[in-house]
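>
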Amino acid sequence: MLREEELKTFVDGTTRYFEVAAQQPATIGSPYLLEGEPAMHDYTGMINITGKREGVVYFTAPRAMLTVLLMKMQESDFSHESMRDLVGEVANTISGNARRDFGHDFVISVPSVFAGEKPQISQPAGARAFVIPIHWRSHSAKLVVSLT
Amino acid sequence: METAKDTSARRPVKLLIVDDSNIVRRRIERSQQFDDLEVVGTAANGIEALELARRTDPDLVTMDLTMPQMDGIECITQLVKLKPEVRILVISALSDKATAVEAMERGANGFLDKPFTDRQLNEAIAELMY
Chain A
603 MLREEELKTF VDGTTRYFEV AAQQPATIGS PYLLEGEPAM HDYTGMINIT GKREGVVYFT
663 APRAMLTVLL MKMQESDFSH ESMRDLVGEV ANTISGNARR DFGHDFVISV PSVFAGEKPQ
723 ISQPAGARAF VIPIHWRSHS AKLVVSLT
Chain B
2 METAKDTSAR RPVKLLIVDD SNIVRRRIER SQQFDDLEVV GTAANGIEAL ELARRTDPDL
62 VTMDLTMPQM DGIECITQLV KLKPEVRILV ISALSDKATA VEAMERGANG FLDKPFTDRQ
122 LNEAIAELMY
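Protein sequences appear in the order of chains A and B.
Here the numbering used here = 1-based position in the first sequence + 602.
Here the numbering used here = 1-based position in the second sequence + 1.
1. Using the DSSP secondary-structure output, state which residues sit across from Leu-688(A) in a beta bridge.
2. Quick one: any contact between the segment 619-634 of chain A and the segment 705-722 of chain A, if contact means 3 or more CB pairs under 8 Å?
3. I think Ser-697(A) touches Ile-649(A), with their Cβ atoms under 8 Å apart; what is that distance to the nearest whole Å?
4. What does Val-19(B) pair with, by DSSP beta-bridge criteria?
5. In this structure, how does DSSP classify Ser-724(A) when only helix, strand and coil are distinguished?
6. Within its chain, find whatever has a CB closer than 8 Å to the CB of Ile-734(A); leave out the 5 residues flanking it on each side and keep chain order.
7. Quick one: what's got a C-beta closer than 8 Å to Lys-720(A)'s C-beta in the same chain, skipping five residues either side?
8. Taking only beta carbons into account, state which residues of the segment 608-627 of chain A come closer than 7 Å to chain B, listed in chain order.
9. Return no unless some Cβ of chain A is closer than 8 Å to the Cβ of Ile-24(B).
10. Within 8 Å of any Cβ in chain B, is that where the Cβ of Ile-736(A) sits?
11. May I ask which residues mark the beginning and end of the beta strand (DSSP E) holding Pro-743(A)?
12. Suppose the cutoff is 7 Å on Cβ atoms and the five residues either side in sequence are ignored; what does the same chain contact list for Glu-103(B) look like?
13. Does the pairing of the segment 46-59 of chain B with the segment 30-38 of chain B give three or more beta-carbon distances under 8 Å?
14. With a threshold of 8 Å between beta-carbons, can Ser-714(A) be considered close to chain B, or not?
15. Tell me, please, whether the CB atom of Met-64(B) is closer than 8 Å to any CB atom in chain A?
16. For a test of the three-state rule: what should DSSP assign to Gly-73(B), helix, strand or coil?
17. Would you say Phe-708(A) and Ile-651(A) are within 8 Å of each other, going by their C-beta atoms?
18. Check the Cβ of Thr-57(B) against every Cβ in chain A and list those closer than 9 Å, keeping chain order.
19. Only counting the same chain, and skipping five residues up and downstream in sequence, which positions put a Cβ closer than 7 Å to that of Lys-674(A)?
20. So, does the segment 11-23 of chain B touch the segment 660-676 of chain A, judging by three or more C-beta pairs under 8 Å?
21. List, in chain order, every chain A residue whose beta-carbon is nearer than 8 Å to that of Arg-31(B).
22. Apart from the five residues on each side of it in sequence, which residues of its chain come closer than 7 Å, Cβ to Cβ, to Pro-640(A)?
23. Return the CA-CA distance between Asp-703(A) and Lys-98(B), expressed in angstroms with no decimal places.
24. Can you give the Cα-Cα distance for Ile-48(B) and Asp-72(B), rounded to whole angstroms?
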């Protein structure tokens, strides 16, 4: 089961992503245990985890935040496809970086992306899910981590 | 001092960009700052990359690892058989040491972690090609 101290890996990964990719740090709120279903934003990128740990990591963000993030990355394409691409890439990058601490057997899938529909999230039985709140400029997003 | 003959003799370095994210592919294309680097193709998975490599004969390939259909490790293995002289820069979020070692053993020449800055990208390319 995911321990509180292991959350630091994902907090650090999220911090690094915004510092480097967006060149503007995000404020990370205190992680909390998810009870019930989390409020999803407009776009969600989800990574399935297999190997020595099982579960999901997903990043969900509003369109307005993703638009500004793309602008900071010098992108000029703000289409639906770019939004889908970006949430998938954020989830992929943060999950992939977690292998620094979780090791080679922390196997990540290619991203599944959901927009405007309820994501099909298969959380492993008995796994706790933590929400990591992300505040960037005037926007808020979430990283949700649920691992055995 | 460089002469006109020297300049004309230098052929462009042909770059193939492989990543399943359009945003990352465009970012690499936009951020590289070498006048003699010519992007000859972009691919979203290993299968497309091998097909493009056959057609465009790249000198340098930037290679993502986590991709659908054919991942980067398998693509590196096949690419090195196809073009033994090609230089491969892995650009991936998979930042554990074992993955980097495996990529190098299959034939990659450099490894850059995602996320990356423009400066880190250009330094990694320079280290491999210049």
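Just so you know, even glycine gets a beta-carbon here, dropped at the ideal spot from N, CA and C.
Note that the coordinates shown come from a computational prediction; the quantities given were computed from them, not determined experimentally.
Checking against the coordinates, here is how it stands:
1. Here residue 688(A) corresponds to residue number 86 of the first sequence, with the count starting at 1. BP columns for Leu-688(A) are empty, so no partner.
2. no
3. Position 95 of the first sequence, counted from the start, is the residue given in the question as residue 697(A). Position 47 of the first sequence, counted from the start, is the residue given in the question as residue 649(A). That belief holds up - the Cβ atoms of Ser-697(A) and Ile-649(A) are roughly 4 Å apart, short of 8 Å.
4. For this step, residue 19(B) is matched to residue 18 along the second sequence. Val-19(B) is bridged to Ala-44(B) and Met-64(B).
5. Residue 724(A) sits at position 122 when you count from the first residue of the first sequence. Three-state result, Ser-724(A): coil.
6. For the purposes of this step, residue 734(A) is taken as residue 132 along the first sequence, with counting starting at 1. Excluding the 5 residues flanking it on each side, Ile-734(A) has same chain C-beta neighbours closer than 8 Å at Leu-609, Phe-612, Val-613, Thr-616, Ile-630, Gly-631, Pro-633, Lys-744, Leu-745, Val-746 and Val-747, in chain order.
7. Mapped onto the first sequence, residue 720(A) falls at position 118. Excluding positions up to five away in sequence, the list reads Met-642.
8. Arg-618, Tyr-619, Val-622 and Ala-623
9. Residue 24(B) sits at position 23 when you count from the first residue of the second sequence. Chain A contact via Cβ: present.
10. In the first sequence, the residue the question calls residue 736(A) occupies position 134. With 8 Å as the cut-off, Ile-736(A) does not count as an interface residue toward chain B.
11. For the purposes of this step, residue 743(A) is taken as residue 141 along the first sequence, with counting starting at 1. It is Ala, not Pro, that sits at residue 743(A) in the sequence shown. Run containing Ala-743(A): 741-749, per the beta strand (DSSP E) assignment.
12. Taking the second sequence and counting its residues from 1, the one referred to as residue 103(B) is at position 102. For Glu-103(B), where only same-chain residues beyond five positions count, the Cβ hits under 7 Å are Ile-74.
13. Short answer: they don't touch.
14. For the purposes of this step, residue 714(A) is taken as residue 112 along the first sequence, with counting starting at 1. Not closer than 8 Å to any Cβ of chain B, the Cβ of Ser-714(A) fails to qualify, so no.
15. Counting from 1 along the second sequence, the entry for residue 64(B) is found at position 63. Chain A contact via Cβ: absent.
16. Numbered from 1 along the second sequence, position 72 holds the residue referred to as residue 73(B). Helix.
17. For the purposes of this step, residue 708(A) is identified with residue 106 of the first sequence, where counting begins at 1. For the purposes of this step, residue 651(A) is identified with residue 49 of the first sequence, where counting begins at 1. In contact: Phe-708(A) and Ile-651(A) (Cβ atoms closer than 8 Å).
18. Indexing the second sequence from 1 puts residue 57(B) at position 56. Chain A residues near Thr-57(B): none, gap ~24 Å exceeds 9 Å.
19. Position 72 of the first sequence holds residue 674(A). Answer for Lys-674(A): Ala-624, Gln-625 and Gln-626, listed in chain order.
20. Cβ pair count under 8 Å is below three, so no.
21. Position 30 of the second sequence, counting from 1, holds the residue named residue 31(B). Residues of chain A passing the Cβ test: Gln-676.
22. For this step, residue 640(A) is matched to residue 38 along the first sequence. Closer than 7 Å at the Cβ level, and outside the excluded window around Pro-640(A), lie Val-733, Lys-744 and Val-746.
23. Here the question's residue 703(A) lines up with position 101 in the first sequence. Here the question's residue 98(B) lines up with position 97 in the second sequence. Rounded to the nearest angstrom, the two C-alpha atoms are 10 Å apart.
24. Here residue 48(B) is taken as the residue at index 47 of the second sequence, counted from 1. Here residue 72(B) is taken as the residue at index 71 of the second sequence, counted from 1. Each residue's alpha carbon lies about 9 Å from the other.
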